[in-house]
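>
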Amino acid sequence: MIRGIIFDCFGVLYGSSVATLVGMCPKDRLQELRDYNIRVDYGFITTEEYAASVAEILSVTKEEVTQLFKAKHVRNNELIEYVKTLRGDYKVALLSNVGTNTIERLFTEQEIEELFDVVVLSYEEHLAKPNPAIFSLTAERMGLSSGECIMVDDIESNCDGAEIVGMYTVRHITNDGTRKALETLMQKNA
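In the numbering used here, the protein residues as written are 947 to 1136.
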């Protein structure tokens, strides 16, 4: 029986800047960019340190990187409204690979309380998707078994990590497709 739904932030509830950063990055520095992504996601560096490092790699200013984040981190209001409709019937969680002070810029404290029963952020846990342990941790904090949860993520490897611990998954591509896939899984496993 499905009792919980877990949503990723970037690429699902908000737009993502990763593809743009990768596209701007010199090929010989792609691994360095990926390494900084891992460091910020695990909480080893702050978001500000990440922006400064990315700026150096891309040969732009830190302010330009910050503006790029703001431009790409566009709110998916349609899906966020859908999340609100789930809250009474299901436990809802946010699970995001994210650095310091980021979620606070995207959601007010009141919105977080209205939308989510549980929030698990990679930098606080020093653990990131697709590591299966972070999915188990999220289910545990929801008071559920992994098999009672659906993970919604836009990245296939993250969905794979959730499936390893027994979660159902929906790979987000479009809002309509995600809603339909969730409703199908919820009906099959009611």
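We put the CB at the ideal spot given by N, CA and C, even for glycine.
Among all the DSSP beta bridges, which residues are the ones paired with residue 1042?
As a working note, residue 1042 is residue 96 in the sequence shown. Paired residue(s): 1067.
> Beta-carbon within less than 6 Å of residue 1011's beta-carbon, same chain only, minus the 5 sequence neighbours each way: which residues are those?
Taking the first residue of the sequence shown as 1, we reach residue 1011 at position 65. Contacts found: 997, 1000 and 1001.
> Helix, strand or coil for residue 1100 per DSSP?
Numbered from 1 along the sequence shown, position 154 holds the residue referred to as residue 1100. Coil.
> In this structure, does DSSP put residue 1093 in helix, strand or coil?
As a first step, residue 1093 must be located in the sequence shown, where it is residue number 147. Residue 1093: helix per DSSP, three-state reduction.
> Determine the extent of the beta strand (DSSP E) in which residue 1137 is found, giving its start and end residues.
For the chain, the structure presents residues 947 to 1136; residue 1137 sits outside this window and is missing.
> Is it buried or exposed for residue 1107, if we count other Cβ within 10 angstroms and need 16 for buried?
In the sequence shown, residue 1107 corresponds to position 161, counting from 1. Buried, by the Cβ-count rule.
> Cutting at 8 Å between CB atoms, please list the residues of its own chain near residue 1073, excluding the five before and the five after it.
Numbered from its first residue, the sequence shown carries residue 1073 at position 127. The answer, listed in chain order, is 988, 1079, 1080 and 1083.
> List the DSSP bridge partners of residue 1021.
Mapped onto the sequence shown, residue 1021 falls at position 75. As DSSP reads the structure, residue 1021 sits in a beta bridge with 960.
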